[in-house]
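Remarks on the structure that follows.
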Amino acid sequence: ETGVTQSPTHLIKTRGQQVTLRCSSQSGHNTVSWYQQALGQGPQFIFQYYREEENGRGNFPPRFSGLQFPNYSSELNVNALELDDSALYLCASSTRTTRWDTQYFGPGTRLTVL
Amino acid sequence: QKEVEQNSGPLSVPEGAIASLNCTYSDRGSQSFFWYRQYSGKSPELIMSIYSNGDKEDGRFTAQLNKASQYVSLLIRDSQPSDSATYLCAVNEGGGSNYKLTFGKGTLLTVNP
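So, in structure tokens, the structure goes:
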């Protein structure tokens, strides 16, 4: 166990709806990164939060947004859901105390868009 | 577009054999390299990290890095059926403020009893 938790475990939504996914980072970790993993693919970087600010973003549209809270937990929000948003959403926490940063993943949230 | 390529697999080896997994990356500025194991339906689990050229051993796992060739590999000795999983290679630019990981598509390994 990495100490990173995510909720909910599974979620079913319909096209056009909005969804919020949550992540609690490992104790002592101040950075949270979000990834999307489609079936049969490697995880794709969505964005990263460090000290409550977005710090780097991948090739995802603005309808993917996030927040980080003072306790370093984080939310991923997706608006106007599309069928292709169906995926495993992973958050990973890290410390950024050294150059050689290691990211530890939570169990993920499986999102299905119908 | 920074890319990480892995041999497509699937890779099948008998129990007790050595499994060899390979990965190449396009960004010469990459600084740190990781192997994650992912069981079906689960999240990636870190098994090895490597930062310097050469070999790094941890139990039955050995990671090898060659920055000149932009190549990183993972050897699993005495493979066990419990090693059957998808292995993801991930590369991190390191340094600066951007610590995103770029992943390959993964190689599915099956270890046959």
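Here the protein sequences line up with chains A and W, keeping their order.
Quick note: the first sequence uses this note's numbering, first residue 1, plus one each step.
Quick note: the second sequence uses this note's numbering, first residue 1001, plus one each step.
All residues carry an ideal CB built from backbone N, CA and C; glycine is no exception.
All values derive from a computational prediction rather than experimental measurement.
Inter-residue CB distance, residue i and residue j (contact presumed, cutoff 8 Å)
i: C91 (chain A); j: S7 (chain A); result: 11 Å between Cβ atoms; not a contact.
i: F47 (chain A); j: L1101 (chain W); result: Incorrect: roughly 13 Å between the Cβ atoms, too far for contact.
i: S93 (chain A); j: T31 (chain A); result: 7 Å
i: Q1080 (chain W); j: S1073 (chain W); result: With 8 Å as the limit, Q1080 (chain W) and S1073 (chain W) do not qualify as a contact, their Cβ atoms being about 19 Å apart.
i: Y89 (chain A); j: G108 (chain A); result: 6 Å
i: V19 (chain A); j: L81 (chain A); result: 6 Å
Neighbour flag for residue i against chain A, beta carbons, 8 Å
i: F1103 (chain W); result: yes
i: L1046 (chain W); result: yes
i: G1054 (chain W); result: no
i: Y1099 (chain W); result: yes
i: L1109 (chain W); result: no
i: S1030 (chain W); result: no
i: G1059 (chain W); result: no
As assigned by DSSP and simplified to three states, the class of residue i
i: P1081 (chain W); result: helix
i: T1102 (chain W); result: strand
i: D84 (chain A); result: helix
i: I1050 (chain W); result: strand
i: G1096 (chain W); result: Note on G1096 (chain W): pLDDT 49, under 50, position unreliable in the model; no value is reported.
i: S73 (chain A); result: coil
i: P1014 (chain W); result: strand
i: F60 (chain A); result: coil
i: G16 (chain A); result: coil
i: S27 (chain A); result: coil
i: R110 (chain A); result: strand
i: Q41 (chain A); result: coil
i: E52 (chain A); result: coil
Minimum Cβ-Cβ distance from residue i to chain W less than 8 Å
i: G122 (chain A); result: Outside the modelled stretch of chain A, which goes from 1 to 114, sits residue 122 (chain A), for which no answer is possible.
i: P105 (chain A); result: Reading the sequence as shown, one finds Phe at residue 105 (chain A) and not Pro. It does; some Cβ of chain W falls within 8 Å.
i: G16 (chain A); result: no
i: T102 (chain A); result: yes
i: S33 (chain A); result: yes
i: S73 (chain A); result: no
i: G56 (chain A); result: yes
i: G108 (chain A); result: yes
i: L111 (chain A); result: no
Neighbourhood of residue i by C-beta, 6 Å cutoff - its chain only, sequence neighbours within 5 removed
i: E1003 (chain W); result: S1026
i: S1020 (chain W); result: L1075
i: K1125 (chain W); result: What the structure shows of chain W is the stretch from 1001 to 1113, and residue 1125 (chain W) is not part of that stretch, so it cannot be assessed.
i: T112 (chain A); result: I12 and S86
i: S1012 (chain W); result: T1110
Cut-off 7 Å between Cβ atoms - residues of its own chain near residue i, not counting five sequence neighbours on either side
i: E1015 (chain W); result: S1079, Q1080, P1081, V1111, N1112 and P1113
For the stretch 1063-1074 of chain W, enumerate the residues whose C-beta is nearer than 8 Å to any C-beta of chain A, in chain order.
none
With 9 Å as the C-beta to C-beta threshold (strictly closer), list the residues of the stretch 38-52 of chain A near chain W in chain order.
G40, Q41, G42, P43, Q44, F45, F47, Q48 and Y50
Name, going along the chain, the residues of the stretch 1006-1027 of chain W whose beta-carbon falls closer than 9 Å to a beta-carbon of chain A.
Q1006
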